[in-house]
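Encoded as C-alpha cells, the structure appears first; notes follow it.
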Amino acid sequence: MIEDLWYKNAVMYSLDLETFLDGNDDGTGDFQGLNEKLDYLHALGVDTIWLAPFQPTPNKDNGYDVKDYYGVDPRHGSSGDFVQFMHHAKKRGLKVIIDLVVNHTSDQHPWFQDARKGKDAKHHDWYIWSDTRPPNYDEGMVFPGVQKAIWTKDEKAKAYYFHRFYEFQPDLNMDNLEVREEVMRIMGYWLQLGVDGFRVDAVPFILETPPKGNNKPHLTFEYLSEMRRFLQWRKGDAILLGEANVLPTENKKYFGEEGDGIHLMFNFFVNQHLFYSLASGDVRPLIKALKATKDIHPMSQWAQFLRNHDELDLGRLTEKQRQVVFEKFGPEKRMQLYDRGIRRRLSPMLGNRPQSELAYSLVFSLPGTPVIRYGDEIGMGDDLSLKERDAVRTPMHWSNDFQGGFSKAKKLVHPVIDKGPYSFQHINVDDQRRQPDSLLNWLTALIRLRKECPEIGWGEWEIIDTENWQILCMLYNWEGRSLYVIHNFDSEPHEIHLKRKPNGQTLKDLMVKTECPADKKGVHKITLEAYGYKWLRVDGKAKE
Ligand code: NOJ
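Residues 11 to 554, numbered by the working numbering, are exactly what the sequence shown covers, in order.
Okay, here's the thing in C-alpha cells:
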C-alpha cells in the first residue's frame, strides 16, 4: 500500500539537545530535558523529531565532528538515557530520525588518530591522503572566509588529508569498502535502538571522490543505493532524509530513477527562491523553482523548510536575486555569512507577524513534508554577537524565568537571548500557550490543518494562473479531494477570480468559518489581505 509511506505526510521538528532543555542544570541540554518536553511536542502536533548529532564530540562544529559513532556525548546523558527517550517518544507515537554524519569524522576520532601514524596503519586508507599538496588545495571550501583549504598537512602523517569542511573534520574515504561497511554498522546500531531513519549530512560529499589535478570530483551514486538497500533490509519503513543542496537536474540521481535512492531531500532550490519571492513580492521565480523540482518518483518526497541550524544559503540565486534578499532580510554585513547566506532566525528576518504567517502557511502548503525548527514556533530571534551560525543556535525560551526556563545554571552552552524585543521575557512558550492568538497557537492549528490535508503529501498539483504575479495559487487533487492554497506576497490586498465549481460544489475556507460561493456570473471572487493566505477545499458533490 502506497499509503504506508508515512514520510509523505509527516510534520517534522528539528532540535538540538544542546539547546532544548537542560534537565540536570549543568548548562547544556540533554535527554532528560527532552523527555520532559515530549508532551509539548506531541501537543504541538509534530510527529517526527529530527535530532541533531548527540554522539561524543569535541564539539567544534555543533556536534558535526563526531569522535565515536556508537555512543552519547556525556553532556547529553548516557546510552541508557537515549533508549529511555526512544521509549517515551514511541509511547506518544513520535518517530525519531537522527543525523548520520559520515562524510567526515572529528580529527579526534581514534580512526584518524591511528590513520596519522602512517601508510601501514589499519585506518590510514579510511581517509584521503596526498603526499604532495594538490594544486587545488584552496578551492571549493564549504565555509569560505573561515576555512582556508580543503587539503591540510598533517605533520605526523607527513601527508595532506582531504577535508570538505573545517580542517578538524577529515573526510572518510568512501571508496574504501571497509569504510562503507562501517557506515552500515553505524546505521544498523541506531536502527536496532529504534530510530526511524537518518538525516544524512552532506550527501554529495559522501559520494564524492575528491578531484585530483584539474579533474572534477566524481560522485558514485551506487553508495547511496547501497545505504538504502541496507536500511530497508534492516527496517522496512525507515527513511533517509538527505542534505543535498543540488541543482534540479541532479535530483533524479539522488532520489533514484525508481525512487530507490534517498527517500526525502531538503528542497534547497525552492527554499532559496521562496525567500527571493518573499523579498521581492514576485512569485514567478518560486513557481519556476517548484516546476523545476516537480518531476520526482511517487516514492520520493521533498522536505520543505524555511530555516535550519545553518545559514540561509542563497548560493543558487543569481547575484542580483541574492542582493535583493540580502537587502530585505539581512542588510548588515554582520547578518551575512560565507558570502552566500544570512545567519538570522526567521522572525527577525521577516519582521512582522503577517509575513511570518504567510511564510509558514506557504511552507506547509508546498508539495512535500514540512520541517520546522525549534523556537520558530514561538518566533525566537537570533544573537548576532555569537560567531558564525551560533547566532541561530541559542537556547529555547520556555518561560520568563531565569535563563528562559532552559536551565538553572549560570553559565550556558550558548547564552539565552535576554535583551530586546526577542528576549525570553517577551517571547516564550509559557506565555504563548496562554494567549489564544499567539504564534504558537496559530502554528499548532496550522499543523492540525496540514494533517487534515493529505492531498498535499500525496496528490498531484498544478499552478493556477490568477493573472497576478504577486499571488501564488496552487491546486491539489487526490482521490476525489481538491484543495486550493492561495498566498498573497504583496503588502496590499488583492482579489482573484477562480472559475466556478460545478453546480452544488462550493469552496470552503478551512481556516475561518466562511464559504466562498460563486457570483451570478459563475466566478468565485476571493479577497486576500496584505500577505493574506487561504486554504480552500472544494466541498460538496457536484450535481449533474
Ligand atoms: C551540514 C550541517 O548542516 C552543518 O551544520 C555542518 O557544519 C556541516 N554539514 C558539516 O558537517
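Just so you know, even glycine gets a beta-carbon here, dropped at the ideal spot from N, CA and C. Given the structure is predicted, the values throughout are model-derived calculations rather than measurements.
If you count every other CB in all the chains shown that lies within 10 Å of the CB of residue i, and 16 or more means buried, which is it?
| i | result |
| --- | --- |
| S417 | buried |
| K105 | buried |
| P66 | buried |
| Y494 | buried |
| P446 | exposed |
| S357 | buried |
| N362 | exposed |
| S371 | buried |
| T259 | exposed |
| S18 | Ser is not the amino acid found at residue 18; the sequence shown has Lys there. Under this definition K18 is a buried residue. |
| E502 | exposed |
| Y543 | buried |
| E525 | exposed |
| S89 | exposed |
| P145 | exposed |
| V203 | In the sequence under discussion, the amino acid at residue 203 is Leu, which differs from the Val named in the question. Counting Cβ neighbours within 10 Å, L203 comes out exposed, since fewer than 16 surround it. |
| D14 | exposed |
| G128 | exposed |
| N225 | exposed |
| E232 | exposed |
| E218 | buried |
| R344 | exposed |
| D49 | exposed |
| V522 | exposed |
What do you reckon, are the CB atoms on residue i and residue j nearer than 8 Å?
| i | j | result |
| --- | --- | --- |
| S375 | M484 | yes |
| W136 | E177 | no |
| K383 | N478 | For clarity, residue 383 is Arg in the given sequence; the question names Lys instead. Not in contact: R383 and N478 (Cβ atoms no closer than 8 Å). |
| N557 | R209 | With the chain running from 11 to 554 in the structure shown, residue 557 is simply not present. |
| L422 | P405 | yes |
| G532 | R510 | yes |
| D83 | F64 | yes |
| A401 | R353 | yes |
| G43 | E28 | no |
| F122 | M194 | no |
| Y348 | G391 | no |
| Q331 | G340 | no |
| G351 | D323 | yes |
| G550 | Q515 | yes |
| A369 | L327 | no |
By Cβ distance below 7 Å, which residues in the same chain neighbour residue i in space, the five residues on each side in sequence not counted?
| i | result |
| --- | --- |
| G207 | I107, A248, I249, L250, L251 |
| A299 | F279, V280, H283 |
| I457 | V21, L54, G55, V56 |
| L334 | For the sequence presented, residue 334 should be read as Val rather than Leu. Excluding positions up to five away in sequence, the list reads Y286, A289, S290. |
| P214 | L229, A254, V256 |
| L201 | R244, K245, A248 |
| P220 | I138, F172, P227 |
| D270 | S235, R238 |
| T303 | P258, N261, N277, F279, V280, W312 |
| G389 | S357, S366, I437, L449 |
| G37 | S417, A419, K421, L422, V423 |
| F434 | H407, N410, G414, V426, I427, D428 |
| V205 | V106, I107, I108 |
| M96 | V106, L203, G204 |
| K222 | P144 |
Just checking my contact of residue i with residue j at CB under 8 Å: how many whole Å lie between their CB atoms?
| i | j | result |
| --- | --- | --- |
| K77 | T115 | 7 Å |
| Q480 | H504 | 6 Å |
| N498 | L538 | 4 Å |
| A313 | V381 | 5 Å |
| I536 | I496 | 7 Å |
| H307 | F265 | 6 Å |
| M184 | R190 | 6 Å |
| T379 | L274 | 6 Å |
| W545 | L517 | With a Cβ gap of about 10 Å, W545 and L517 do not count as contacting. |
| R399 | E342 | Contact flag wrong, Cβ pair sits at about 16 Å. |
| R403 | N186 | Contact flag wrong, Cβ pair sits at about 33 Å. |
| A540 | D500 | 7 Å |
Please list, in chain order, all residues of the same chain as residue i whose beta carbon is under 6 Å from its beta carbon, the five residues on each side excluded.
| i | result |
| --- | --- |
| K166 | R126 |
| D91 | F41 |
| N487 | G469, E470 |
| C463 | L493 |
| H119 | K77 |
Could you tell me if the beta carbon of residue i falls within a distance shorter than 7 Å of some heavy atom in the ligand GTP?
| i | result |
| --- | --- |
| D211 | Annotation note on the ligand GTP: not contained in the displayed structure, which lists the ligand NOJ as its ligands. |
So, for residue i: in the same chain, excluding its five sequence neighbours on each side, which residues have a beta-carbon less than 8 Å away from its beta-carbon?
| i | result |
| --- | --- |
| Q242 | A248 |
| G103 | H52, D57 |
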